[in-house]
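Presented below is the structure to which this report refers.
Numbering (the UniProt record's numbering), first residue to last: 1 to 456.
Written out as structure tokens, the structure reads:
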């Protein structure tokens, strides 16, 4: 008994060595090939060696049987595992059957290609009753044979500038599309030939199959019920009528499209998903359909108010700056933002105000600011070059003091009061008008004196 077990083990080991060819070599795939690659390889070889397309080649039938058996084993996970381990399946070695008494060494000595299923039946089981004339290409859409060598695109990434995304644009891209075969123009036949009445079903589209005492009517395997048989199928599209072609397609980009947004577009008889990648703007900041920008104003505009001109998404806008506007104030422009791609209307445009503080001042500007600082009330803290006198007033001790002194004189309380009182007295008593004019003249002389000092 022990001796017999040893023989079985030696026989199984020998079987692997005695197999001159293996299924992977027959299909032309690697041992680690995926199921999809195995099916593709089988399809190509079965198509090549099918008896219907090789009626004059007696060796084609044998090769067709070989690739059929190879696919039958490698497409079944359990059989493939047995084959990878022992070099054959349990069915081929006769285990559980009467062949050879279950000894692997007997199988090794008389091994030959054989299958538990008819090769033609296997082919129809996988690709349908219509054989090559059926729509078997649907399972191989990614492997359509054309001069481009690859299938139609299903998703495309399109790069856009911010302006293109905001305004919309018609942009051309190159796509692989499935379209009418340029060789047969969709007839599926070689040029100069045409489909003829199917001789296998006599143009009825149905065939009668006799299995013992049973008679069955089914769709014709050759014309697939079309009643017409293509004797010379187009070699470009393989009787499919369509091929993968490189085509320039114009994509209408909708206004307001966002980064990462995907739209669906019909291209020929297929649908393509286009994902947009929108370049960021250096000026605009986007939040959905709303737009945010910054706008700079001067110190005098912030204090006194005014207007500024800013750039918008679709047009420029004039903004009113209110007196006393502080930095970081937000101004909202209703319906001046981005167009809503999935809705009606537009978003809003938010403008954030930034006050630009001057860093370089002329002597006149510095003197005016120092004079203002001396008159400013409720200063939080201190101001450089400004001192506080005992009477509570402030005085600058740096900068263009001569100009500052002239401004002080012009802003002197007494001079201002003289002007104000002169104006009121003029209305009450015309006899005192000359006296008030002298006071005004005196002030004007003081101003002229200031100007001469500055010039000197």
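Here a beta-carbon is modelled for each residue, glycine too, at the ideal position from N, C-alpha and C.
Here the structure is a predicted model, which is why all the values come from computation and not from measurement.
{"Asked": "Residue of 32, 402, 411, 162 minimising C-alpha distance to residue 279", "Found": "162"}
{"Asked": "Residue 272 beta carbon less than 8 Å from that of residue 174", "Found": "no"}
{"Asked": "Within the segment 370-394, ranges of the beta strand (DSSP E) (whole runs, at least 3 residues)", "Found": "386-388"}
{"Asked": "Spatial neighbours of residue 67 in its chain, beta-carbon cut-off 7 Å, leaving aside the 5 residues before and after", "Found": "26, 27, 42, 45, 46, 49"}
{"Asked": "Length of the line joining the Cα atoms of residue 397 and residue 405", "Found": "11 Å"}
{"Asked": "At least three beta-carbon pairs within less than 8 Å, the segment 250-257 to the segment 156-170", "Found": "yes"}
{"Asked": "Classification of residue 353 by the beta-carbon crowding that lies within 10 angstroms, buried from 16 upward", "Found": "buried"}
{"Asked": "Cβ neighbours of residue 430 in the same chain (closer than 7 Å, five flanking residues each side left out)", "Found": "Reliability of the predicted coordinates at residue 430 is poor, the pLDDT of 47 falling under 50, and the value obtained from them is presented with this limitation in mind. Counting only Cβ-Cβ distances below 7 Å, and skipping sequence neighbours, we find nothing."}
{"Asked": "One or two residues paired with residue 354 in a DSSP bridge", "Found": "296"}
{"Asked": "Element boundaries [beta strand (DSSP E), containing residue 166]", "Found": "Residue 166 -> not in any beta strand (DSSP E); alpha helix (DSSP H) instead, spanning 162-167."}
{"Asked": "Per-residue DSSP class, three states only, for residue 39", "Found": "helix"}
{"Asked": "Spatial distance of residue 53 from residue 190 (CA atoms)", "Found": "15 Å"}
{"Asked": "The alpha helix (DSSP H) enclosing residue 64, as first and last residue numbers", "Found": "58-74"}
{"Asked": "Inter-residue spacing [alpha-carbon to alpha-carbon] between residue 69 and residue 31", "Found": "16 Å"}
{"Asked": "Proximity winner among 335, 355, 316, relative to residue 323 (alpha-carbon distances)", "Found": "355"}
{"Asked": "Through-space distance from residue 82 to residue 240, alpha-carbon basis", "Found": "38 Å"}
{"Asked": "Nearest-angstrom Cβ-Cβ length linking residue 293 and residue 170, presumed shorter than 8 Å", "Found": "About 28 Å separates the two Cβ atoms, so there is no contact after all."}
{"Asked": "Terminal residues of the alpha helix (DSSP H) in which residue 243 lies", "Found": "No alpha helix (DSSP H) holds residue 243; the beta strand (DSSP E) holding it covers 242-253."}
{"Asked": "Residue 407: first and last residue of the uninterrupted alpha helix (DSSP H) it sits in", "Found": "401-410"}
{"Asked": "Opposing strand residues paired with residue 159 [DSSP bridges]", "Found": "277"}
{"Asked": "Start-to-end residues for the beta strand (DSSP E) that takes in residue 321", "Found": "317-321"}
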